[in-house]
Each structure stands twice: as C-alpha cells, then as structure tokens.
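Engineer:
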Amino acid sequence: MMSKPYLLLLGSLQEPILAYVSMKLARKAVTLVVMDFRQPCHDWPIVFSWGEGAGEPFLSAGRRLVPLVDIRSTYIRLGQVWKGTEEGAPDALHHRSVFPHLLSILPGLVVNPYEASNGNGAKPYQLMRIAQFGFNVPRTLVTSIPERAKEFFDVCRGRVIYKSISSVRSIVRRVTEDDLPRLEQIRHCPVQFQEYIPGVDLRVHVVGNRVFASQIETTSMDYRYTDEQSFRTIRAVELPMGLQEQCIGLARGLGLALAGIDLRRTVQGEYYCFEVNTSPAFTFYEEHTGQRIGDALVDMLCRGTV
Numbered sequence: 009m010m011s012k013p014y015l016l017l018l019g020s021l022q023e024p025i026l027a028y029v030s031m032k033l034a035r036k037a038v039t040l041v042v043m044d045f046r047q048p049c050h051d052w053p054i055v056f057s058w059g060e061g062a063g064e065p066f067l068s069a070g071r072r073l074v075p076l077v078d079i080r081s082t083y084i085r086l087g088q089v090w091k092g093t094e095e096g097a098p099d100a101l102h103h104r105s106v107f108p109h110l111l112s113i114l115p116g117l118v119v120n121p122y123e124a125s126n127g128n129g130a131k132p133y134q135l136m137r138i139a140q141f142g143f144n145v146p147r148t149l150v151t152s153i154p155e156r157a158k159e160f161f162d163v164c165r166g167r168v169i170y171k172s173i174s175s176v177r178s179i180v181r182r183v184t185e186d187d188l189p190r191l192e193q194i195r196h197c198p199v200q201f202q203e204y205i206p207g208v209d210l211r212v213h214v215v216g217n218r219v220f221a222s223q224i225e226t227t228s229m230d231y232r233y234t235d236e237q238s239f240r241t242i243r244a245v246e247l248p249m250g251l252q253e254q255c256i257g258l259a260r261g262l263g264l265a266l267a268g269i270d271l272r273r274t275v276q277g278e279y280y281c282f283e284v285n286t287s288p289a290f291t292f293y294e295e296h297t298g299q300r301i302g303d304a305l306v307d308m309l310c311r312g313t314v
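Heads up, the sequence shown is in my numbering, so the first residue is 9 and it goes up one at a time.
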C-alpha cells in the first residue's frame, strides 16, 4: 500500500486562511505537516539531511521525519513580521536570510515561492512587470519632491490617489486641493502617486489554470474599507476568455501558482491592472460570491502541479 504524500503548511493555524485550507485538506488522502516559522529561528524544530552517509534526504519537523521525495506541495501563509521579533532587529534579519534558503530546498509545488512572493514588496517594480505582460497600468509617480508631486497632480487634472509602495496594506485615498500644502511632508519619505482611473473594480483569483473573477461596486475609494455612509456589492462574473488567459499568463510569468489580481474596467471597456497580491485573502471573496476558490487551491496542492 502506497503511503500518503506529505503536504506542508507553513504558518500558524491561528491564521484564518491557513486554518481554512488545513480543514479542507484534512478530508483528503494526504499527510499534513504544519510548521510555524513565526517563532525565533533558533527554535525552529527542523533539520535537513542529505549527502554521503545520510541516507535518503529528509526533513525533520519536531518528532516527524519527512522524506523529501514524499513532499508533494507546500502552502505558505506568514505574517508581515516574524513572531517575537521587531522589523530590522537581528532576529528578524536572521529570519529573512534563512527562510528563503529553506524554501529553495523544498521539492514539489510551493505556493508561492519566496522570490515570486517578494515581488509584492516593491509595488513600483511589480507594476513595471505587469505592463510587460500587456496590461494597461495607471500613470505612476514615486517621489520625495513636493514640486514633482504637484506637477503630477496638475497633469492628471487633479485625479490622483496615493498608496503604499511596499506590501504593507494601506488605505487608498484621493489627493485633494486641500492636501497640496501637506506635500512638503514627502521630503522625509517617498510616496507613490497614481492617476485615478474611474471604473468598476474586479478581483481576479488565478489558481493554477483556473480563474475566479469577482466584480465589486462601491461608493468607497477603497472597496476593502466601507463605513455607514457607503455601500459595497460583490458578485461573481465571467471574464472574456482572452482576459482570462492574460491573467493566467501574468500569474505564471510572475512565478505564482496562486494570485489575486486587481483590475478595473473603465466605461470604455478597457482593463487596467493595479497590482498582484501574492498571498491573497481569497476567503473574503468566497463569502460574498460562493466561488470555490479554496477547493481549487486544495485540489492543486493535492495534485502537486498547476
């Protein structure tokens, strides 16, 4: 009788999405190994062994020995900052230097590889990559010079938003005439400005070769954040086949087996791409649309291929 393949889950089961995926995988014919790498790296219960005299390469996770050849897939859901560390502290730097090397050793399908996931940490760079795949992207300026920001505001006829440059979540806001005197503050920190593109928001989840599109209509500038004075509706939609293929090509080109692509459709029917989330919180969209994104992810992990 063949042994069940191993699936690694890297992260904490206190994280809702990892717990959700774990629950679904528990019903499958696989052996789950959950490894929480948020703790200080000198406490990681892990050993890799291979080479002459070591026998078959294996991963030692706590008391469990996992042959590398039997690892079919790995799914990663980690927070922004490692548990017990402060950003920039020696422990955090140690984590960031060790963890990528650890992932590079893992066989099988990794959702998502460290190098691919890290692309979301530099949004201007990611936007340039998105444009290379044929998507329309908004005019963008990253600057710490107030005069350049004011020029950009004028060129875009006052239709400008500002947002985070890194992977840290921020609330997208419009720049108004009242904000212009505050532009002096950007001398101390570069800010990303983009031309505001009116239209309807679309979140497109790519899971391997499958596409799940959600259309969002809202009165808020950032549909993720609503208040008592605003409304939001989310529903499943079918994208044109050519656009679906373009989204799959973008995810694959960025090295992502799972991706959340943010699009906007203008009144002229043009599609703009704003960014690609490399670790999307897809359950939010499932709850509103009934789409089976999680099932598609679990099926892909069990197959071990996209």
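All C-beta atoms in this analysis are idealised placements derived from N, C-alpha and C, irrespective of residue type, glycine included. Predicted model only: the values in this text are computed from it and were never measured.
Following a CB-centred definition, is Thr241 positioned closer than 7 Å to any heavy atom of the ligand MN?
Structural biologist: The ligand MN is absent from the structure shown, which contains no ligands of any kind.
Engineer: Name the residue from Leu305, Tyr293, Arg71 and Phe141 whose alpha carbon lies nearest to the alpha carbon of Ala221.
Structural biologist: Sequence index remark: in the sequence shown, residue 221 carries index 213 (1-based). Taking only the C-alpha atoms, the option nearest Ala221 is Tyr293.
Engineer: Going by Cα to Cα distance, which pick from Ala244, Phe201 and Ile79 is closest to Arg147?
Structural biologist: As a position in the sequence shown, residue 147 is number 139, starting the count at 1. With distances taken between Cα atoms, Arg147 lies closest to Phe201.
Engineer: Measuring straight from C-alpha to C-alpha, what distance separates Ile138 and Glu278?
Structural biologist: Taking the first residue of the sequence shown as position 1, residue 138 is located at position 130. Taking the first residue of the sequence shown as position 1, residue 278 is located at position 270. If you take the alpha carbons of Ile138 and Glu278, they lie about 15 Å apart.
Engineer: Quick check on Lys32: does DSSP put it in helix, strand or coil?
Structural biologist: Counted from its first residue, the sequence shown places residue 32 at position 24. If DSSP states are grouped into helix, strand and coil, Lys32 belongs with the helices.
Engineer: Taking just the CA atoms, how far does Arg272 sit from Pro206?
Structural biologist: The residue given as residue 206 occupies position 198 in the sequence shown. The residue given as residue 272 occupies position 264 in the sequence shown. Roughly 8 Å between the two C-alpha positions.
Engineer: Tell me the rounded alpha-carbon separation between Val119 and Gly257.
Structural biologist: Against the sequence shown, residue 119 aligns to sequence position 111. Against the sequence shown, residue 257 aligns to sequence position 249. Distance between the alpha carbons of Val119 and Gly257 is about 16 Å.
Engineer: State the beta-bridge partners of Thr379 as determined by DSSP.
Structural biologist: A query on residue 379 cannot be resolved here, the shown segment of the chain reaching from 9 to 314 and no further.
Engineer: Work out the CA separation of Phe290 and Val77 for me, nearest whole Å.
Structural biologist: Counting from 1 along the sequence shown, the entry for residue 77 is found at position 69. Counting from 1 along the sequence shown, the entry for residue 290 is found at position 282. Looking at the two C-alpha atoms, the distance is approximately 30 Å.
Engineer: Using DSSP with H/G/I as helix, E/B as strand and the rest coil, what is Thr286?
Structural biologist: Looking up residue 286 in the sequence shown gives position 278. Residue state, collapsed to three classes: coil.
Engineer: When the Cα atoms are used, what is the spatial distance from Leu32 to Asp303?
Structural biologist: As a position in the sequence shown, residue 32 is number 24, starting the count at 1. As a position in the sequence shown, residue 303 is number 295, starting the count at 1. Just to set this straight, residue 32 is Lys in the shown sequence, not Leu. Going from the Cα of Lys32 to the Cα of Asp303 covers about 8 Å.
Engineer: Note down the Cα distance separating Leu18 from Thr297, rounded to an integer number of angstroms.
Structural biologist: Here residue 18 refers to the residue found at position 10 when the sequence shown is read from its first residue. Here residue 297 refers to the residue found at position 289 when the sequence shown is read from its first residue. Their Cα atoms are separated by approximately 27 Å.
Engineer: Label Thr329 either buried or exposed according to how many other C-beta atoms from any shown protein chain fall within 10 Å of its C-beta, with 16 as the threshold for buried.
Structural biologist: Coverage of the chain is limited to positions 9 through 314, which leaves residue 329 absent and any answer about it impossible.
Engineer: DSSP three-state label for Thr313, please.
Structural biologist: Taking the sequence shown and counting its residues from 1, the one referred to as residue 313 is at position 305. Three-state result, Thr313: coil.
Engineer: Taking just the CA atoms, how far does Phe160 sit from Val89?
Structural biologist: For the purposes of this step, residue 89 is taken as residue 81 along the sequence shown, with counting starting at 1. For the purposes of this step, residue 160 is taken as residue 152 along the sequence shown, with counting starting at 1. A caution first: Val89 carries a pLDDT of 49, below 50, which makes its placement in the model unreliable, though a value can still be read off. Their Cα atoms are separated by approximately 34 Å.
Engineer: For Arg240 and Gly129, I'd like the C-alpha separation in whole angstroms.
Structural biologist: As a first step, residue 240 is located in the sequence shown; it is residue number 232 there, counting from the start. As a first step, residue 129 is located in the sequence shown; it is residue number 121 there, counting from the start. Whole-angstrom Cα-Cα distance: 28 Å.
Engineer: Can you tell me whether Leu73 is buried or exposed? The criterion is at least 16 other CB atoms within 10 Å of its CB, across all chains shown.
Structural biologist: The count along the sequence shown starts at 1 and reaches residue 73 at position 65. Exposed is the call here.
Engineer: Just how far apart, CA to CA, sit Leu16 and Ser125?
Structural biologist: If you number the sequence shown from 1, residue 16 lands on position 8. If you number the sequence shown from 1, residue 125 lands on position 117. Each residue's alpha carbon lies about 17 Å from the other.
Engineer: Between the Cα of Pro288 and the Cα atoms of Ser20, Pro13, Tyr14 and Ile25, which residue gives the shortest distance?
Structural biologist: Translated into positions along the sequence shown, residue 288 becomes position 280. Looking at the Cα atoms, Ile25 is the closest of the given residues.
Engineer: In this structure, what does DSSP give as the bridge partners for Ile84?
Structural biologist: Start at 1 with the first residue of the sequence shown, and residue 84 comes out as number 76. Leu18.
Engineer: I need the DSSP call for Pro154, collapsed to helix, strand or coil.
Structural biologist: Numbered from its first residue, the sequence shown carries residue 154 at position 146. If DSSP states are grouped into helix, strand and coil, Pro154 belongs with the helices.
Engineer: Assuming Gln140 is part of the alpha helix (DSSP H), what are its boundary residues?
Structural biologist: Start at 1 with the first residue of the sequence shown, and residue 140 comes out as number 132. Where Gln140 is concerned, the enclosing alpha helix (DSSP H) stretches over Lys131 to Gln140.
Engineer: Taking the C-alpha atoms as reference points, what is the distance between Gly268 and Leu188?
Structural biologist: Looking up residue 268 in the sequence shown gives position 260. Looking up residue 188 in the sequence shown gives position 180. The alpha-carbon atoms of Gly268 and Leu188 are separated by roughly 33 Å.
Engineer: Would you report the Cα separation of Thr39 and Gly216, rounded to the nearest angstrom?
Structural biologist: If you number the sequence shown from 1, residue 39 lands on position 31. If you number the sequence shown from 1, residue 216 lands on position 208. Taking the straight line joining both Cα atoms gives about 22 Å.
Engineer: What does the alpha-carbon distance come out to for the pair Ala259 and Cys197?
Structural biologist: To locate residue 259, count along the sequence shown from 1; it is residue 251. To locate residue 197, count along the sequence shown from 1; it is residue 189. Computed Cα separation, rounded: 31 Å.
Engineer: Does the separation of the CB atoms of Ile173 and Arg181 fall below 8 Å?
Structural biologist: Looking up residue 173 in the sequence shown gives position 165. Looking up residue 181 in the sequence shown gives position 173. For Ile173 and Arg181, no; Cβs fall outside 8 Å.
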